[in-house]
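What follows is a single structure, written as structure tokens, with notes after it.
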Amino acid sequence: ESDGSVEAEEVLADLTIYFPFIPAESLFATVVEWGRYAELVDHDTVAGRVPLLGWESAAEVRSD
Numbered sequence: 013e014s015d016g017s018v019e020a021e022e023v024l025a026d027l028t029i030y031f032p033f034i035p036a037e038s039l040f041a042t043v044v045e046w047g048r049y050a051e052l053v054d055h056d057t058v059a060g061r062v063p064l065l066g067w068e069s070a071a072e073v074r075s076d
């Protein structure tokens, strides 16, 4: 079962593919900052994962 997060390296790889002319690390930092501001995502630097915040309640709504 999914824990509502993805590997940070996977996000960096996708950013590199979709935005090849923008430094991926800088763009990743911007995405995480805005995601935290909007309370959508966080970045767990210890685990190297980017969790989607509030995914549990969204999954419950979809299953109802």
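Residue numbers for the sequence shown follow the working numbering, so the first one is 13 and each next one is one higher. Even glycine gets a Cβ: it sits at the ideal position worked out from N, Cα and C. Since the model is a prediction, treat every value here as computed from it, not as a measurement.
Residue i - DSSP class collapsed to helix/strand/coil
i     : result
Leu64 : strand
Glu19 : strand
Asp56 : strand
Opening and closing residue of the alpha helix (DSSP H) in which residue i lies
i     : result
Leu39 : 36 to 49
Burial state of residue i, where buried means 16 or more other Cβ atoms lie within 10 Å
i     : result
Phe31 : exposed
Leu52 : exposed
Val58 : exposed
Within 8 Å, do at least three Cβ pairs link the stretch 14 to 21 to the stretch 31 to 38? The stretch 31 to 38 is not in contact with the stretch 14 to 21.
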